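One structure is given here, and the rest of the page talks about it.
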Amino acid sequence: MTKRISFNAFEMNCIAHQSPGLWRHPQDRSVEYKDLEYWTDLAQILERGFFDGIFIADVLGIYDVYHQSAEHALTGAVQVPVNDPLQIVPAMAAVTKHLGFGVTTSISFEHPYPFARRISTLDHLTKGRVGWNIVTSYLESGSKNLGLKTQVNHDNRYDIADEYLEVLYKLWEGSWEEGSVLRDRENGIFADHKKVHPIQHEGKYFTVPGIHICEPSPQRTPVLYQAGASSRGQKFASQNAECVFIAAPSKIATKKVVQGIRQKLVQEGRDPYSVKIYALLSIVTDETDAKAQAKFKEYQSYGSYDGALTLLSGWSGVDFSQYQPTDKVEYIQTNAIQSLLDSYVNADPERVWTIEEIANWNSLGGNGPVLVGSAETVSDALQQWVEDTDVDGFNLAYILAHQTFADVVEFIVPELQKRGVYQTSYAQGTLREKLFGAGPYLPENHRGAKYRNLKELKLAEAS
Numbered sequence: 191m192t193k194r195i196s197f198n199a200f201e202m203n204c205i206a207h208q209s210p211g212l213w214r215h216p217q218d219r220s221v222e223y224k225d226l227e228y229w230t231d232l233a234q235i236l237e238r239g240f241f242d243g244i245f246i247a248d249v250l251g252i253y254d255v256y257h258q259s260a261e262h263a264l265t266g267a268v269q270v271p272v273n274d275p276l277q278i279v280p281a282m283a284a285v286t287k288h289l290g291f292g293v294t295t296s297i298s299f300e301h302p303y304p305f306a307r308r309i310s311t312l313d314h315l316t317k318g319r320v321g322w323n324i325v326t327s328y329l330e331s332g333s334k335n336l337g338l339k340t341q342v343n344h345d346n347r348y349d350i351a352d353e354y355l356e357v358l359y360k361l362w363e364g365s366w367e368e369g370s371v372l373r374d375r376e377n378g379i380f381a382d383h384k385k386v387h388p389i390q391h392e393g394k395y396f397t398v399p400g401i402h403i404c405e406p407s408p409q410r411t412p413v414l415y416q417a418g419a420s421s422r423g424q425k426f427a428s429q430n431a432e433c434v435f436i437a438a439p440s441k442i443a444t445k446k447v448v449q450g451i452r453q454k455l456v457q458e459g460r461d462p463y464s465v466k467i468y469a470l471l472s473i474v475t476d477e478t479d480a481k482a483q484a485k486f487k488e489y490q491s492y493g494s495y496d497g498a499l500t501l502l503s504g505w506s507g508v509d510f511s512q513y514q515p516t517d518k519v520e521y522i523q524t525n526a527i528q529s530l531l532d533s534y535v536n537a538d539p540e541r542v543w544t545i546e547e548i549a550n551w552n553s554l555g556g557n558g559p560v561l562v563g564s565a566e567t568v569s570d571a572l573q574q575w576v577e578d579t580d581v582d583g584f585n586l587a588y589i590l591a592h593q594t595f596a597d598v599v600e601f602i603v604p605e606l607q608k609r610g611v612y613q614t615s616y617a618q619g620t621l622r623e624k625l626f627g628a629g630p631y632l633p634e635n636h637r638g639a640k641y642r643n644l645k646e647l648k649l650a651e652a653s
């Protein structure tokens, strides 16, 4: 049976997201990111194309590793200026009925108690179409601006994340029992206070004694996304994630990460296919291969070498200005995104990447590959990617806003639908129901489900 292909749109509330330099193209709209119409137009394009959702990245810091300066980030608008990802969601939800919204926030920069309320509010306003991309943050500039002298060690950030999730599960899943909200107008009882419980959490990193101050939202816990591809990140994902986003430059590297994630899911007692895995990818398409190639060549002329190395330096924590363009890429231990450089070293055993090659590669679409061609050519390639790597779908990064997504909807989606490998309608219900075809809540075998009965949990912990 041919596996179905799913799409998310990979976005960010900024100008130059994954394709630095392309904002200069006369047809690019990314400088309009401050306008609601920019986002509502995009949401409607994506829903016409039956995308699962829009995956909104975020950073709370600036890319200042390259040349030990923020100069290239600011002059090239490389993910700065960047606005808050959550505040654009209600506007997009208002003009759509089915599109999901995966928002990125960091466990490193916000206490779980107010964050729980922000997500519950969004889940209410969207009628259950919210997902959360759990990140631990990699930019040291963000840590310093929040009072930390240095970035917390990579693996220690995941230790904090483990407890952060425990607090959230208690708030979202356990604080308000099912049936606690009565809305009894006749007797003047909105909620049964006996069914609303303080979580009384006292841990190594967080102390949260009280109740969740939001009533249960349609999903309670949002759909959980995670993007860490390091060994520690994969372990965290196998315990918590429902969807995983990976970024690698080749099928070989992608397949290796996918296999690692599915193996860790088995080790955690979960079905290896209970988690959807999306790979980063970009598409340049048109009516014919020749037209698509011409479009791609034009786009390449706008790519920024310094912008790409600004991103790569920030992602990896390694200042690439210290190397010559012809220097070879080798794995370097880093406290930022540890899997990034490793993905190039392991991308192809027959290839050794130079600094210039990875800069050119990342100037269009970031760390993922770019598929170029007609609808037939690209659809063939997408199906081959799914077959060879075992991914469930793709996080599509735009090269030109919003032309990239409009082209995918016009050319690629109908071709995939014709082949029977892409949805032609949306399932009803919440984002979790649309993605997995089950109920609106976390499944019973998920780590978060055990926090639904706080009384029993406390008795078990005490015994």
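So for the sequence shown, the working numbering puts the first residue at 191; every next one is plus one.
All residues carry an ideal CB built from backbone N, CA and C; glycine is no exception.
All figures in this text were calculated on a predicted structure; none of them were measured in a lab.
| Query | Result |
| --- | --- |
| Three-way DSSP call (helix, strand, coil) for Ser472 in this model | strand |
| Same chain, Cβ closer than 8 Å to Val560, neighbours up to 5 away in sequence not counted | Leu471, Ser472, Ile473, Val474, Phe486, Leu554, Ile589 |
| DSSP beta-bridge partners of Gly292 | Phe245, Gly321 |
| Identified DSSP bridge partners for Gln416 | Ile324, Val434 |
| Selected residue, minimal CA-CA separation from Lys445, among Ser196, Tyr359, Val581 | Val581 |
| Bounding residues of the alpha helix (DSSP H) (the contiguous stretch that carries Val148) | Here the chain has residues from 191 to 653 only, and residue 148 is not among them. |
| Touching by the beta-carbon criterion (3+ pairs, under 8 Å), the region 342-357 and the region 611-626 | no |
| Enclosing beta strand (DSSP E) for Ala666 [first to last residue] | Only positions 191 to 653 of the chain appear in this structure, which leaves residue 666 out of reach. |
| Whole-Å CB distance - Pro412 paired with Asp313, under 8 Å assumed | 6 Å |
| Inter-stretch contact at 8 Å, needing at least 3 Cβ pairs: the region 635-645 / the region 255-275 | no |
| Buried versus exposed call for Asn377 [16 or more other C-beta atoms within 10 Å across all chains shown] | exposed |
| C-beta neighbour in chain C for Ile401, strict 8 Å | Given the protein chain composition of this structure (a single chain), no chain C is represented. |
| Phe299 beta carbon less than 8 Å from that of Leu250 | yes |
| Coarse secondary structure for Trp575, derived from DSSP in three states | helix |
| Alpha-carbon spacing of Ala284 relative to Val562, whole angstroms | 33 Å |
| Same chain, Cβ closer than 7 Å to Asp231, neighbours up to 5 away in sequence not counted | His592 |
| C-beta atoms of Val270 and Leu264 nearer than 8 Å | yes |
| Rounded C-alpha distance that separates Arg219 from Arg642 | 45 Å |
| Inter-residue spacing [alpha-carbon to alpha-carbon] between Thr567 and Tyr415 | 30 Å |
| Simplified DSSP assignment, three categories, for Lys466 | strand |
| At least 3 beta-carbon pairs within less than 8 Å: the region 495-509 vs the region 454-467 | no |
| For Glu392, three-class secondary structure by DSSP | strand |
| Proximity to Phe200 [Cα-Cα], best of Trp213, Gln574, Asp225, Ile246 | Ile246 |
| Nearest residue (CA-CA) to Gly318, options Tyr303, Lys645, Phe380, Pro280 | Pro280 |
| Same chain, Cβ closer than 7 Å to Asp345, neighbours up to 5 away in sequence not counted | Arg422 |
| Counted within 10 angstroms of its Cβ, other Cβ atoms place Asn585 as buried (16 or more) or exposed | buried |
| Assumed close pair Ala596, Ile235 - CB separation to whole angstroms, cut-off 8 Å | 6 Å |
| Lys193 to Tyr513 span [Cα, whole Å] | 43 Å |
| Delimiting residues of the beta strand (DSSP E) encompassing Leu586 | 583-587 |
| Buried or exposed by the 16-neighbour rule on C-beta atoms within 10 Å, applied to Phe380 | exposed |
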